[in-house]
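Visitor: Handing you a structure now.
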Amino acid sequence: PLVKFINADNEIYEVNAEIGGNLMQVALDNGIDEILGECGGSCSCATCHCYIGDDWLAKTGTPDDTEQEMLECALAQKVNSRLSCQIKITEDLDGLIVHLPEAQY
Ligand code: FES
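The UniProt record's numbering puts the first residue of the sequence shown at 2, with every later residue one more than the last.
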């Protein structure tokens with residue numbers, strides 16, 4: 002599936018994501034500097050914070066309690082905030098739009 006990352010300067014990175022992986026890993030594999038992923042994807046750092054495009058919120062689902070708690074630590078949290086390591090890539094996410102925060106901390 003194709004995933005479009007848009008950073009705070011409106012620069013767009015279009016990348017191919019592998020099914021079965023997670024969104025944080027996709028960003029790292031494609032050199033997207035705005036996503037840090039310091040804990041390696043175990044939902045304990047919040048440096049993989051991103052914002053899901055409005056049209057995609059239904060498909061990406063809602064954060065579970067652990068993710069929700071970690072999200073409270075993220076800078077500039079919004080209603081569409083997610084931790085990208087908790088989003089699993091599926092065929093359904095083809096065309097996904099992900100906005101990147103200006104900073105992770
Ligand atoms: Fe640490 Fe996602 S990589 S919470």
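Where a beta carbon is used, it is the ideal one built from N, C-alpha and C, also for glycine.
This structure is a prediction, so every number in the text was calculated from the model and none was measured.
Could you tell me which residues DSSP pairs with K89 in its beta bridges?
Guide: Bridge partners of K89: N23.
Visitor: Please state whether DSSP places L37 in a helix, a strand or coil.
Guide: Correct three-state label for L37: coil.
Visitor: E68 by DSSP, collapsed to three states: which one?
Guide: helix
Visitor: With L58 as the anchor, note down where its alpha helix (DSSP H) starts and where it stops.
Guide: L58 to T61
Visitor: Is the beta carbon of L58 within less than 8 Å of some heavy atom of the ligand FES?
Guide: no
Visitor: Would you mind stating whether G41 and A28 have Cβ atoms separated by less than 9 Å?
Guide: In this structure, G41 keeps its C-beta atom at 9 Å or more from the C-beta atom of A28.
Visitor: Using alpha carbons as the reference points, say which of I88, A104 and P102 lies closest to L24.
Guide: I88
Visitor: Taking a contact to mean a Cβ-Cβ separation below 9 Å, would you say E68 touches C46 in this structure?
Guide: no
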